[in-house]
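Novice:
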Amino acid sequence: MQAVIYLSQNRGFESELDIQDMISFAQEQNAKHYITGYLYFANNMFVQYFEGKKEQVDALWTNISKDPRHEVLFSSRSEINERRFNTWYMRDWTSSTRVESFLNEYLSEQLQYLSSNQSSFIDTIFPKESKVWKIVDNIGKATNPLEPDL
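In terms of our numbering, the sequence shown opens at residue 1 and continues consecutively.
1) How big is the Cα-Cα spacing for K53 and F25?
2) Given A31, which residues of its chain have a CB within under 6 angstroms of its CB, disregarding the five upstream and five downstream residues?
3) Determine the direct distance from the alpha carbon of H70 to that of G12, and round the result to whole angstroms.
4) Give every residue of the same chain whose Cβ lies closer than 6 angstroms to the Cβ of G37, excluding the five residues on either side of it in the sequence, and list them in chain order.
5) Please classify G37: does DSSP put it in a helix, a strand, or coil?
6) Rounded to whole angstroms, how far is the Cβ of L39 from the Cβ of I23, which I believe are closer than 8 angstroms?
7) Kindly indicate which three-state DSSP category M1 falls into: helix, strand or coil?
8) Starting from S75, trace the beta strand (DSSP E) in both directions and tell me its first and last residue.
9) What separation, rounded to the nearest whole angstrom, lies between the Cα atoms of N81 and D137?
10) Quick check: L60 and Q9, are their CB atoms within less than 8 angstroms of each other?
The following block contains the structure:
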């Protein structure tokens, strides 16, 4: 199984309704292909995490990366042993709780930092991308999805 996380800049979604339509479509498609994950949108930036079988993840990433409605600024892919968000076909965290918003805003800031190609001494000790995956793990633990949230 694989997981992808990316940060992108909105380039074509004109309204909240456009984003909600995209989320509804993605939830349907992800359920068909057993792709799980979430989307966070704030400050005209998207953070999306999704996971599933390699073939499905590859196909979805191809579609996402070619979509002209946004510009991918940073992405990372990782092999995973088990799903972090087993029942979420595309959780919409755009209007979420304070804790979820805080965690995702922090993740968004880290992804923006990575996309800027800046580095610091601490990055030589702890690779930047490993920090991103640690944050995703913490989001999974903090939210502990027990029920489907489609």
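Glycine included, C-beta positions come from ideal geometry on N, C-alpha and C.
All of these numbers come straight from a predicted model, not from anything done at the bench.
Specialist: If we stick to the structure as given:
1) For the purposes of this step, residue 53 is taken as the residue at position 53 of the sequence shown. For the purposes of this step, residue 25 is taken as the residue at position 25 of the sequence shown. Approximately 20 angstroms, taken between the alpha carbons.
2) In the sequence shown, residue 31 corresponds to position 31, counting from 1. Within the same chain, A31 has close Cβ partners Y89.
3) Here the question's residue 12 lines up with position 12 in the sequence shown. Here the question's residue 70 lines up with position 70 in the sequence shown. Cα to Cα, G12 sits roughly 6 angstroms from H70.
4) One-based indexing of the sequence shown puts residue 37 at position 37. Residues Y49, F50, E51, F85 of the same chain have their beta carbon placed closer than 6 angstroms to that of G37, with the five preceding and five following residues left out of the count.
5) The residue given as residue 37 occupies position 37 in the sequence shown. G37: strand per DSSP, three-state reduction.
6) For the purposes of this step, residue 39 is taken as residue 39 along the sequence shown, with counting starting at 1. For the purposes of this step, residue 23 is taken as residue 23 along the sequence shown, with counting starting at 1. Indeed, because the Cβ distance is near 6 angstroms, the residues count as touching under 8 angstroms.
7) Taking the first residue of the sequence shown as position 1, residue 1 is located at position 1. In the structure shown, M1 sits in coil (DSSP, three-state: anything other than H, G, I, E or B).
8) Numbered from its first residue, the sequence shown carries residue 75 at position 75. Start and end: 70-79.
9) The residue you call residue 81 lines up with position 81 of the sequence shown. The residue you call residue 137 lines up with position 137 of the sequence shown. Distance between the alpha carbons of N81 and D137: 13 angstroms.
10) Within the sequence shown, the letter at position 60 stands for residue 60. Within the sequence shown, the letter at position 9 stands for residue 9. For L60 and Q9, no; Cβs fall outside 8 angstroms.
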